[in-house]
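Each remark here refers to the structure printed beneath this line.
Protein chains: 2
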Amino acid sequence: MATDTQIRIGVMGCADIARKVSRAINLAPNATIAAVASRSLEKAKSFATANNYPESTKIHGSYESILEDPEIDALYVPLPTSLHVEWAVKAAEKGKHILLEKPVAMNVTEFDKIVVACEANGVQIMDGTMWVHNPRTALLKEFLSDSERFGQLKTVQSCFSFAGDEDFLKNDIRVKPGLDGLGALGDAGWYAIRATLLANNFELPKTVTAFPGAVLNQAGVILSCGASLSWEDGRTATIYCSFLANLTMEITAIGTKGTLRVHDFIVPYKETEASFTTSTKALFNTWVSPPSEHTVKTELPQEACMVREFARLVGEIKNNGAKPDGYWPSISRKTQLVVDAVKESVDKNYQQISLSGR
Amino acid sequence: MATDTQIRIGVMGCADIARKVSRAINLAPNATIAAVASRSLEKAKSFATANNYPESTKIHGSYESILEDPEIDALYVPLPTSLHVEWAVKAAEKGKHILLEKPVAMNVTEFDKIVVACEANGVQIMDGTMWVHNPRTALLKEFLSDSERFGQLKTVQSCFSFAGDEDFLKNDIRVKPGLDGLGALGDAGWYAIRATLLANNFELPKTVTAFPGAVLNQAGVILSCGASLSWEDGRTATIYCSFLANLTMEITAIGTKGTLRVHDFIVPYKETEASFTTSTKALFNTWVSPPSEHTVKTELPQEACMVREFARLVGEIKNNGAKPDGYWPSISRKTQLVVDAVKESVDKNYQQISLSGR
Numbered sequence: 010m011a012t013d014t015q016i017r018i019g020v021m022g023c024a025d026i027a028r029k030v031s032r033a034i035n036l037a038p039n040a041t042i043a044a045v046a047s048r049s050l051e052k053a054k055s056f057a058t059a060n061n062y063p064e065s066t067k068i069h070g071s072y073e074s075i076l077e078d079p080e081i082d083a084l085y086v087p088l089p090t091s092l093h094v095e096w097a098v099k100a101a102e103k104g105k106h107i108l109l110e111k112p113v114a115m116n117v118t119e120f121d122k123i124v125v126a127c128e129a130n131g132v133q134i135m136d137g138t139m140w141v142h143n144p145r146t147a148l149l150k151e152f153l154s155d156s157e158r159f160g161q162l163k164t165v166q167s168c169f170s171f172a173g174d175e176d177f178l179k180n181d182i183r184v185k186p187g188l189d190g191l192g193a194l195g196d197a198g199w200y201a202i203r204a205t206l207l208a209n210n211f212e213l214p215k216t217v218t219a220f221p222g223a224v225l226n227q228a229g230v231i232l233s234c235g236a237s238l239s240w241e242d243g244r245t246a247t248i249y250c251s252f253l254a255n256l257t258m259e260i261t262a263i264g265t266k267g268t269l270r271v272h273d274f275i276v277p278y279k280e281t282e283a284s285f286t287t288s289t290k291a292l293f294n295t296w297v298s299p300p301s302e303h304t305v306k307t308e309l310p311q312e313a314c315m316v317r318e319f320a321r322l323v324g325e326i327k328n329n330g331a332k333p334d335g336y337w338p339s340i341s342r343k344t345q346l347v348v349d350a351v352k353e354s355v356d357k358n359y360q361q362i363s364l365s366g367r
Numbered sequence: 010m011a012t013d014t015q016i017r018i019g020v021m022g023c024a025d026i027a028r029k030v031s032r033a034i035n036l037a038p039n040a041t042i043a044a045v046a047s048r049s050l051e052k053a054k055s056f057a058t059a060n061n062y063p064e065s066t067k068i069h070g071s072y073e074s075i076l077e078d079p080e081i082d083a084l085y086v087p088l089p090t091s092l093h094v095e096w097a098v099k100a101a102e103k104g105k106h107i108l109l110e111k112p113v114a115m116n117v118t119e120f121d122k123i124v125v126a127c128e129a130n131g132v133q134i135m136d137g138t139m140w141v142h143n144p145r146t147a148l149l150k151e152f153l154s155d156s157e158r159f160g161q162l163k164t165v166q167s168c169f170s171f172a173g174d175e176d177f178l179k180n181d182i183r184v185k186p187g188l189d190g191l192g193a194l195g196d197a198g199w200y201a202i203r204a205t206l207l208a209n210n211f212e213l214p215k216t217v218t219a220f221p222g223a224v225l226n227q228a229g230v231i232l233s234c235g236a237s238l239s240w241e242d243g244r245t246a247t248i249y250c251s252f253l254a255n256l257t258m259e260i261t262a263i264g265t266k267g268t269l270r271v272h273d274f275i276v277p278y279k280e281t282e283a284s285f286t287t288s289t290k291a292l293f294n295t296w297v298s299p300p301s302e303h304t305v306k307t308e309l310p311q312e313a314c315m316v317r318e319f320a321r322l323v324g325e326i327k328n329n330g331a332k333p334d335g336y337w338p339s340i341s342r343k344t345q346l347v348v349d350a351v352k353e354s355v356d357k358n359y360q361q362i363s364l365s366g367r
């Protein structure tokens, strides 16, 4: 049941991921699904039914129509990446706050157009990276910031792979140049890049260099690639992403005094709790101790935590005259910048790309 | 107590690592310590006492002298890397079998001289990489070769780091250009490279490219570096090694159907057992299951398994007229080749190095 304090969200597009986020909107105490749009009224209607949308949900048969709906505060936009710039700009111009699926755009130039439109219209934008909203992530950051237990970061390695089946590799929008044309890099790589940036307090690397051996499909879409990142002071990182290898979701961060490992950083093994392990000052000359495991309970699934945070920020703007929070677009932009640099390096035969001044 | 069937090993040099290997020789049922040499008789004597050498152990005050000892079958050589070529060649020429510490040489050209001398004199050579002799390693290989549980290898990431203290970073032979001049790459990197080669059935990569951001000391010795390796068919690997980061010893291998993780591959957390985890056909759309843990009991510590295998091969030659086993020098050579390529890439500003024809 919608209440006055709930942020009314419209779902713009009926992608697979919209099912998970629809459930999350339903679970978030401060948000409600107010409308859904597809390019056909029929499709929107059956999506609403299949996903237990409230009776009151308005059904729109076009994206234009949902933008004009005065009874929604915000839009969740899971459209193919190539459509983000057009529809996110239009949404901002209509004063709708935006929860935008990742990758946020085909490149940072497109994303900057979205940000300009959001700033001009005073709307909040946040990308759909769920895992950063898991309560576990705050504890990971706490460990990584601990000068005693972790020390200074030296390297962070992150990877996200899953094995797409024949149908996926032939038909999914993530392998189509005109749709989610950034392929495995924009999809899986986005998460790994976000993890390396998070471990580096979102300081951009100095250089990004893709590994020789990226796999592209016949249409030129990346199916698998990796890259190394380096910072001025000697910190390094590697990322790896693939649609061709068994599901693996790792963060290994190594500091001068400690090591952090997460094996399920994108989708935790359990919905109600999430774990990670840490080692501190492991000495090689004495016997090596196994790492300690830490478990964090999660009140809501991480995607509902994401919606709750987004709706909280929108509520602050709507009800209390607050300004949009600049943190979320700033980390989206940095993630996109590194995605772009990896792609550029792959395109330029694995040349080292400098991020200075970007 | 020495028996007739035991291989009589001389320890040539009293490095720190020689303590661990001396204990291993004592533990191996088919080997015994017969002699020890240092550049001074005093040092050799006190090393023998400190390490509970048998009363009968002959004490040599020079390396030349132990080479002439007719009552030893083999030499364990933990000398600084820069001395390997000289003393291993001399040992081979005296008909002594050689257990040689890693890295086996300063470069593959030097190692080839050692191999030529070993072949000419019919002696066995094996390098001192202990972890490959842990019974766990056979099970890792079994999983990696399993077309159902693991599928085809897509990528393997391995790292070995430990934080050297101030004294280590100033005085250890591993930071001195004239001694173990390959630094962290020859020491820690050796293990990570061996792990990536093992996962690739010792097929050499097509290219090796160091990551920008290697850290060298003022004398030009590598303290920290990483590299990506790529194979013709799209397989990739990364290695990372460092003297500047908390102790971490990881292998993550990802195949089309499975994932393998080892967190203590170089020195297992326990001496009597060793573990690893595997996941198979983890599906992203259903709920993700945690990996399964596998534990392998070890009858002897892995370093004693190494000595036992070395002594077994020497015994076959000595007692049964067998030929030296070519597998061990062949994998030493391949590991050294990749070490050399990473160093070359670092030296050439992170240029991609082709291994074709090497």
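Going down the list, the protein sequences come from chains U and Y. Just so we're aligned, residue 10 is where the first sequence starts under this note's numbering, counting upward by one. Just so we're aligned, residue 10 is where the second sequence starts under this note's numbering, counting upward by one. The beta-carbon is built from N, C-alpha and C at its ideal position, and this holds for glycine as well. For clarity, every value in this text was computed on a predicted model and none was experimentally measured.
_Ordered list of alpha helix (DSSP H) runs contained in the region 298-324 of chain U, each at least 4 residues_ = The region 298-324 of chain U contains no whole alpha helix (DSSP H) run of 4 or more residues.
_Looking only at its chain, what residues have a beta carbon closer than 8 Å to the beta carbon of R321(U), apart from the 5 residues adjacent to it on each side?_
Only N39 meet the Cβ criterion.
_I'd like the span of the alpha helix (DSSP H) that includes D176(U), first residue to last._
E175 to N180
*So, L88(Y) versus H106(Y), is the Cβ gap smaller than 9 Å?*
For the pair L88(Y) and H106(Y), the CB atoms are not nearer than the 9 Å cut-off.
_Against chain U, with Cβ distances strictly below 9 Å, would Q166(Y) count as a contact?_
yes
*Thinking C-alpha only, which one of S74(U), A37(U) and S31(U) is nearest T58(U)?*
S31(U)
*Report all residues from its chain with a CB closer than 6 Å to the CB of M10(Y); omit the five preceding and five following residues, and keep chain order.*
Reliability fails at M10(Y), whose pLDDT of 47 lies under 50, so the model's placement of it is uncertain and the value that follows must be treated cautiously. So the list is empty, once near-sequence residues are dropped.
*T281(Y) CB to nearest chain U CB: under 9 Å?*
Taking Cβ atoms only, chain U never reaches closer than 9 Å to T281(Y), which makes this a no.
*Using the rule of at least 16 other Cβ atoms within 10 Å of the residue's Cβ for burial, across every protein chain shown, is V348(Y) buried or exposed?*
buried
*Report back the beta-carbon spacing between T66(Y) and D189(Y) to the nearest angstrom; my notes put them in contact at under 8 Å.*
The pair is not a contact, with the Cβ atoms about 27 Å apart (cut-off 8 Å).
*Where K67(U) meets chain Y, residues with beta-carbon distance less than 7 Å*: Within chain Y, no C-beta atom comes nearer than 7 Å to that of K67(U); the closest sits roughly 29 Å away.
*Which residues in the same chain as T289(Y) place their Cβ atom closer than 7 Å to its Cβ, once the five residues preceding and following it in sequence are excluded?*
R158, K266 and G267
_Under 9 Å, Cβ to Cβ, is there at least one residue of chain Y near R145(U)?_
No, R145(U) does not count as interfacial toward chain Y.
*State the Cα-Cα distance for the pair G22(Y) and W337(Y), rounded to the nearest angstrom.*
Straight-line spacing of the CA atoms in G22(Y) and W337(Y) works out to 22 Å.
*Report the rounded CA-to-CA distance for V351(Y) versus G137(Y), giving the unit in angstroms.*
21 Å
_the region 190-209 of chain Y touching the region 108-121 of chain Y, judged by at least three CB pairs closer than 8 Å_ = yes
*asked:* Distance cutoff 9 Å, beta carbons only. Does W5(Y) sit that close to anything in chain U?
replied: The question about residue 5(Y) has no answer here: the residues shown for chain Y are numbered 10 through 367.
*Under three-state DSSP, which class holds H272(Y)?*
coil
*asked:* Looking at chain Y, is there any beta carbon in it that lies within less than 9 Å of the beta carbon of L36(U)?
replied: no
*asked:* Once DSSP output is grouped into helix, strand and coil, what is the label at T14(Y)?
replied: coil
*Residues from the region 326-347 of chain U in contact with chain Y, defined by Cβ distance under 8 Å*: So nothing in the stretch comes that close.
*Going straight from the alpha carbon of G173(U) to that of A147(U), what length do you get?*
Roughly 31 Å separates the two Cα atoms.
*Cβ-Cβ distance between P299(U) and R270(U) below 9 Å*: no
*Are the beta-carbon atoms belonging to K357(Y) and L213(Y) less than 9 Å from one another?*
no
_Residues, ordered as in the chain, of the region 216-236 of chain U that lie near chain Y by beta-carbon distance below 8 Å_ = T216, T218, F220, P221, G222, V224, S233 and G235
_Taking 9 Å as the threshold (C-beta atoms), are L191(Y) and V230(Y) in contact?_
Yes. Within cutoff.
*For the region 203-211 of chain Y against the region 123-135 of chain Y, are there 3 or more C-beta pairs whose distance is under 8 Å?*
no
*Examine chain Y for any beta-carbon lying closer than 9 Å to the beta-carbon of G243(U), and answer yes or no.*
So yes, G243(U) belongs to the interface.
_9 Å is my cut-off, CB to CB: does P310(Y) come that close to chain B?_
Of the chains in the structure shown, none is chain B; the protein chains are U and Y.
*Go through its chain and collect everything with a Cβ distance to S341(U)'s Cβ below 6 Å, but skip five positions before and after it.*
V113 and D136
_I'd like to know whether the C-beta atoms of L238(U) and S251(U) end up nearer to each other than 9 Å._
no
_Taking beta-carbon pairs under 7 Å, can you tell me which members of the region 169-194 of chain Y lie near chain U?_
S170, F171 and A172
*asked:* Between which residues of its own chain and G195(U) is the CB-CB distance below 7 Å, once the five residues before and five after are set aside?
replied: Excluding residues up to 5 positions away in sequence, T90, P112, D189 and V348 lie with their Cβ nearer than 7 Å to the Cβ of G195(U) in the same chain.
*Pair within 9 Å by beta-carbon distance, I34(Y) and V323(Y)*: No; because the gap between Cβ atoms is not below 9 Å, this pair is not in contact.
_Threshold first: 3 residues or longer. Then list the beta strand (DSSP E) segments lying entirely within the region 39-117 of chain Y, N to C._
When DSSP assignments are scanned along the region 39-117 of chain Y, the uninterrupted stretches of beta strand (DSSP E) that are 3 or more residues long and fall wholly within it turn out to be 40-46, 67-69, 83-86 and 106-109.
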